[in-house]
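Q: Below: one structure in C-alpha cells.
The following block contains the structure:
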C-alpha cells in the first residue's frame with residue numbers, strides 16, 4: 001500500500017486536485033459565495049472560472065504524472081524515518097500551540113524548544129539546556145520591551 | 158525630474174535619525190548572518206522580521222526589511238566562498254570561483270570582491286529605481302480596470318513560466334493562490350465568502366501565511382535533512398601574501414566593466430516580474446564569461462566570475478521594486494513579502510503611492526541607498542569573522558526559528574488563530590516543495606488575486622458583461638497580445654528543450 005502511494009504520489013495529488021476542483025465548483029462555491037444580481041457578472045462567476053481552470057490543469061497534471069511514472073520526484077525519495085520526523089514536528093507544534101495559550105509563552109516554549117533541539121539532532125545537553133532556557137527569555141524580553149508586543153499568557157508566564 | 162530629486166533629498170534628511178540607523182544596521186546584520194548560514198535565507202530573514210516591524214514607523218520598517226534582504230543576498234556568498242555551500246540559491250554561481258580562490262588562501266580577496274560587487278550592483282539598481290519608478294507610475298495612472306486586468310494577467314504569465322520547469326506546476330499554485338485570495342470578503346459586493354462561519358477569516362492573514370509558506374515549510378524540509386548533516390567546517394589555507402586578503406587596484410579596475418555590465422543585466426532582470434536573483438546571477442555570469450579575455454579561468458578562481466555573479470544577483474533587488482511601486486505588482490518572492498509589510502503598515506503599493514505616500518516612497522529610496530553603505534561599512538571590516546558565521550550550526554538555529562515563527566504569527570494580531578494559520582501554510586508549503594509546486598507563484602498570485610478579480614469584474618461591469626472590452630482598448634489588447642506571445646514562445650522553447658533531451662538521451 002505504502003509502495004503504491006509512493007510510486008503514484010504525483011498521480012494521486014493530481015486526482016485529489018481534480019476532486020478538489022469538483023467540490024469547489026459544485027459544493028463550496030454555491031454555498032459560500034452569495035449570488036447577487038446587477039454586478040456585471042455573478043459573484044460566483046470568477047471563483048467558478050478558477051475552479052474550471054484548476055480542473056483543466058489538474059487533469060493535464062494527472063495525465064502527465066501517470067505517463068511519466070519514473071520521473072524523479074523528491075516525495076518518492078522521502079524515507080519512512082523522514083516522514084515520521086515531519087509528522088512528529090507537526091504533532092509537537094500542535095501540542096505547543098495548544099499549550100502556549102494554556103500554560104503561557106515561557107513555560108511552553110522552554111519545553112518545546114528542548115524537544116525541537118533533540119529532534120534536530122542536538123545531543124549535547126550542556127548546550128541544549130542553556131539554549132532552551134535563555135532563548136525563550138531573550139525573545140520574550142525583545143518582543144515585550146523592545147517591540148511593545150504582548151506574548152501569550154496562561155497559567156504561568 | 159527636478160521635483161523627484163528635491164523630494165528625495167528632503168526624505169534623505171528626514172531619514173537620518175539614530176533610530177532609523179539602528180534598525181537599518183540591525184536588519185543588515187541579521188540578513189548577513191541568516192544569509193551566511195547554509196539552509197537559512199534572506200527570504201526567511203525578512204519573513205521573520207515582518208512581525209517585529211509592526212510597531213515601527215513605516216519607512217523604518219521597510220528599510221529594515223530591505224536592509225535584511227540586501228545583507229542576506231550578500232551573506233549567501235560567504236558559505237559559497239568559504240565552504241562551497243551557497244547560503245542562498247543565487248549564490249551558487251559564486252561557488253566555483255569563490256571556493257577555488259579560498260583553496261588558494263585567497264578567501265579574503267574573494268569575499269571582498271563579492272562584497273564590493275554586491276554593493277555596487279545594488280547601488281546601481283537603486284539609482285535606476287529612483288529615476289524610473291515614478292515615470293512608469295505616471296503612465297500607469299492612466300490605466301483603467303481593463304488595462305490592469307490584462308497587465309496583471311501578463312505578470313502572472315511571466316511569473317508562472319519563470320517558476321519551475323513545468324507550466325502546469327506553475328499554473329496550479331497560481332490558481333490556488335487566487336482561491337486563497339478570495340477567502341474573506343467579496344471585493345465588489347462586500348459579502349462574506351469562503352469564510353465557513355469563522356470570523357477570523359474575514360480579516361487578513363498575510364503575515365502568518367508568509368511565515369508559514371516561506372519559513373515554517375523550510376523548517377519541515379530541514380527537520381528531515383538536518384539530523385543527517387554534520388557540522389560544516391571551513392578548512393582553508395592561510396593567505397601567503399598581504400595581497401591575497403585584499404583587492405588590488407589593478408584587479409578592481411579589471412572587474413569594473415564586468416560589475417557595470419552585470420549591474421545593468423541584473424537591473425533589467427529585476428524590473429521584469431517573476432525572474433529573480435538566481436537568473437540575474439546566472440545571466441550575468443555567462444555574459445561575463447563570454448566577454449572576458451580570460452574565460453578559461455572562469456570556474457577555477459576568476460575574480461571576474463565572482464564580481465559578475467554577485468553584482469548580477471544584487472542588482473535585482475532594487476529593480477524588483479520598480480513594478481511594485483509603479484504598478485503595484487510584486488515581481489518576486491522578496492517583493493511579495495515586502496508587499497505584505499506595506500499592507501501591514503496601511504500603505505498600498507501602486508502608482509498612487511507617489512501621490513498618497515511620497516514620504517514613504519522617498520524615505521524608502523533614501524534607506525535603500527544608505528543600506529548599501531551600511532552593508533559595506535559593517536561587512537568589510539568583519540570579513541575575518543565570517544568563517545565563524547558560516548560554521549554556525551544550523552541544528553541550533555532552526556529550533557529557534559520555529560519559536561520565532563510561532564511568536565511572530567501571534568504578535569501581529571495577538572491571536573492564537575494566526576499561529577494555526579501559520580502551521581497550516583507551513584504544511585501546505587512543505588508538500589508544495591516536495592511535489593515541486595512553486596510556493597512563490599502561490600504567494601504572488603495570492604497578493605495579486607484580489608486586485609485581478611476586482612479589475613476583471615469592474616471591467617465587465619463597465620461593459621455590461623461583455624469580454625470584448627479587453628479587445629477594444631489598445632493598451633489592454635497590447636498586454637493580451639504580449640501575454641499570448643510570451644506564453645507561446647516559452648512553450649515553444651520548452652518543447653524544443655524537451656525534444657533535444659529526448660533525442661540526446
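Chains as they are written, first to last, in this note's numbering: chain A, 1 to 157; chain B, 158 to 662. Quick reminder that beta carbons are idealized off the backbone N, C-alpha and C, glycines included.
1) Would you report the Cα separation of residue 540 (chain B) and residue 265 (chain B), rounded to the nearest angstrom?
2) Entirely within the region 336-424 of chain B and at least 3 residues each: give me those beta strand (DSSP E) ranges in chain order.
3) On the three-pair Cβ rule with 8 Å, is the region 553-572 of chain B touching the region 250-270 of chain B?
4) Quick one: which chain B residues come within Cβ less than 7 Å of residue 126 (chain A)?
5) In this structure, does DSSP put residue 123 (chain A) in helix, strand or coil?
6) For residue 54 (chain A), I'd like the list of residues in its chain whose CB is within less than 6 Å of its CB, leaving aside the five on either flank, ordered along the chain.
7) According to a CB-to-CB cut-off of less than 9 Å, which residues of the region 167-178 of chain B neighbour chain A?
8) Smallest Cα separation from residue 179 (chain B): which of B:382, B:371 and B:221?
9) Near residue 3 (chain A), which residues of its chain fall below 6 Å by C-beta distance, leaving aside the five closest residues on each side in sequence?
10) In whole angstroms, what is the alpha-carbon distance linking residue 28 (chain A) and residue 351 (chain B)?
11) Alpha carbon to alpha carbon, what distance is there between residue 537 (chain B) and residue 421 (chain B)?
12) Could you give the C-beta distance for residue 529 (chain B) and residue 227 (chain B), rounded to a whole number, given that I count them as a contact under 8 Å?
13) Taking buried to mean at least 16 other C-beta atoms within 10 Å of its own C-beta, is residue 577 (chain B) buried or exposed?
14) Residue range of the alpha helix (DSSP H) that residue 608 (chain B) falls in?
15) Of all the CB atoms in chain B, is at least one closer than 8 Å to the CB of residue 104 (chain A)?
16) Leaving out five residues before and five after residue 459 (chain B) in sequence, what residues of the same chain have Cβ atoms less than 7 Å from its Cβ?
17) Identify, in the order they occur along the chain, each residue of the same chain with its Cβ nearer than 7 Å to the Cβ of residue 62 (chain A), setting aside the five sequence neighbours on each side.
18) Just checking, does the region 95-112 of chain A make contact with the region 147-156 of chain A on the three C-beta pairs under 8 Å criterion?
19) Mind pulling the beta strand (DSSP E) runs of 3 or more residues that sit fully within the region 35-75 of chain A?
20) Would you check if there are 3 or more beta carbon pairs closer than 8 Å linking the region 333-343 of chain B to the region 352-368 of chain B?
21) Strictly below 7 Å CB to CB, what residues from chain A border residue 654 (chain B)?
22) Is residue 101 (chain B) close to chain A, meaning its C-beta is less than 8 Å from at least one C-beta of that chain?
23) Considering only the alpha carbon of each residue, which of A:40, A:131, A:60 and A:7 lies closest to residue 613 (chain B)?
24) Counting beta carbon pairs with one atom in the region 392-402 of chain B and one in the region 604-619 of chain B, are three or more of them shorter than 8 Å?
25) Answer with buried or exposed for residue 656 (chain B), where buried requires no fewer than 16 other C-beta atoms within 10 angstroms of its C-beta.
26) For residue 266 (chain B), name the three-state secondary structure that DSSP assigns.
27) Beta carbon of residue 493 (chain B), beta carbon of residue 218 (chain B): below 8 Å?
28) Mind checking the region 341-352 of chain B against chain A and listing, in chain order, the residues whose C-beta falls within less than 7 Å of any C-beta there?
29) Around the C-beta of residue 335 (chain B), are 16 or more other C-beta atoms found within 10 angstroms, so that it is buried, or is it exposed?
30) Can you tell me which of B:347, B:210, B:429 and B:652 puts its alpha carbon nearest to the alpha carbon of residue 569 (chain B)?
31) Would a check of beta-carbon distances place residue 325 (chain B) closer than 8 Å to chain A?
32) Considering Cα atoms alone, identify which of B:520, B:192, B:495 and B:467 is closest to residue 267 (chain B).
33) At a Cβ threshold of 8 Å, is residue 487 (chain B) touching chain A?
34) Residues of chain A with CB closer than 7 Å to the CB of residue 203 (chain B), please, in chain order.
35) Relative to the C-alpha of residue 635 (chain B), which candidate in B:410, B:257 and B:303 has its C-alpha closest?
A: Answer, in terms of the structure:
1) The residue given as residue 540 (chain B) occupies position 383 in the second chain. The residue given as residue 265 (chain B) occupies position 108 in the second chain. Cα to Cα, the separation comes out at about 7 Å.
2) none
3) No, because fewer than three Cβ pairs between the region 553-572 of chain B and the region 250-270 of chain B fall closer than 8 Å, the two stretches do not touch.
4) Here residue 126 (chain A) is taken as the residue at index 126 of the first chain, counted from 1. What residue 126 (chain A) touches in chain B: nothing, since even the nearest Cβ is about 13 Å away.
5) The residue given as residue 123 (chain A) occupies position 123 in the first chain. Coil at residue 123 (chain A), not helix or strand.
6) Indexing the first chain from 1 puts residue 54 (chain A) at position 54. Closer than 6 Å at Cβ, skipping near neighbours: 21.
7) none
8) Translated into the one-based positions of the second chain, residue 179 (chain B) becomes position 22. Among B:382, B:371 and B:221, the Cα nearest to that of residue 179 (chain B) is on B:221.
9) Locating residue 3 (chain A) in the first chain gives position 3, where the first residue counts as 1. None.
10) Residue 28 (chain A) sits at position 28 when you count from the first residue of the first chain. Residue 351 (chain B) sits at position 194 when you count from the first residue of the second chain. The straight-line gap from Cα to Cα measures roughly 8 Å.
11) Numbered from 1 along the second chain, position 264 holds the residue referred to as residue 421 (chain B). Numbered from 1 along the second chain, position 380 holds the residue referred to as residue 537 (chain B). When rounded, the separation of the alpha-carbon atoms in residue 421 (chain B) and residue 537 (chain B) is 24 Å.
12) Within the second chain, residue 529 (chain B) is the residue found at index 372, counting from 1. Within the second chain, residue 227 (chain B) is the residue found at index 70, counting from 1. About 7 Å separates the beta carbon of residue 529 (chain B) from that of residue 227 (chain B), a gap short enough to meet the 8 Å contact definition.
13) As a first step, residue 577 (chain B) must be located in the second chain, where it is residue number 420. The residue is buried, with at least 16 neighbouring Cβ atoms inside 10 Å.
14) For the purposes of this step, residue 608 (chain B) is identified with residue 451 of the second chain, where counting begins at 1. It spans 596-619 - the alpha helix (DSSP H) in which residue 608 (chain B) sits, taken as one unbroken run.
15) Here residue 104 (chain A) refers to the residue found at position 104 of the first chain. Residue 104 (chain A) does not count as touching chain B.
16) Along the second chain, read from residue 1 onward, the residue named residue 459 (chain B) stands at position 302. Taking C-beta separations shorter than 7 Å and ignoring five residues to either side along the sequence, the partners of residue 459 (chain B) in its chain run 254 and 451, following chain order.
17) Stepping through the first chain from its first residue, residue 62 (chain A) is reached at position 62. Hits under 7 Å: 11, 14, 15 and 18.
18) A contact exists between the region 95-112 of chain A and the region 147-156 of chain A.
19) Every candidate beta strand (DSSP E) stretch fails here, since none sits fully inside the region 35-75 of chain A while reaching 3 residues.
20) In this structure the region 333-343 of chain B lies against the region 352-368 of chain B, because at least three pairs of beta carbons, one per stretch, are closer than 8 Å.
21) Taking the first residue of the second chain as position 1, residue 654 (chain B) is located at position 497. Within chain A, no C-beta atom comes less than 7 Å from the C-beta of residue 654 (chain B); the nearest is roughly 16 Å away.
22) Only positions 158 to 662 of chain B appear in the structure, and residue 101 (chain B) is not among them; the question remains open.
23) In the second chain, residue 613 (chain B) corresponds to position 456, counting from 1. Of the listed residues, the one whose Cα sits closest to residue 613 (chain B) is A:40.
24) no
25) On the second chain, residue 656 (chain B) is found 499 positions in, with the first residue counted as 1. It counts as exposed.
26) Position 109 of the second chain holds residue 266 (chain B). Looking at residue 266 (chain B) - three-state DSSP - the assignment turns out to be helix.
27) Here residue 493 (chain B) is taken as the residue at index 336 of the second chain, counted from 1. Here residue 218 (chain B) is taken as the residue at index 61 of the second chain, counted from 1. For residue 493 (chain B) and residue 218 (chain B), no; Cβs fall outside 8 Å.
28) So the close ones are 343, 345, 346, 348, 350 and 351.
29) Translated into the one-based positions of the second chain, residue 335 (chain B) becomes position 178. Buried: at least 16 other Cβ atoms inside 10 Å.
30) For this step, residue 569 (chain B) is matched to residue 412 along the second chain. For the residues B:347, B:210, B:429 and B:652, the minimum Cα distance to residue 569 (chain B) belongs to B:210.
31) What you label residue 325 (chain B) is simply residue 168 of the second chain in a count that begins at 1. Chain A contact via Cβ: present.
32) The sequence position of residue 267 (chain B) within the second chain is 110, counting from 1. Per the Cα distances, B:467.
33) As a position in the second chain, residue 487 (chain B) is number 330, starting the count at 1. Chain A contact via Cβ: absent.
34) Numbered from its first residue, the second chain carries residue 203 (chain B) at position 46. Simply none; closest approach about 16 Å.
35) Numbered from its first residue, the second chain carries residue 635 (chain B) at position 478. With distances taken between Cα atoms, residue 635 (chain B) lies closest to B:303.
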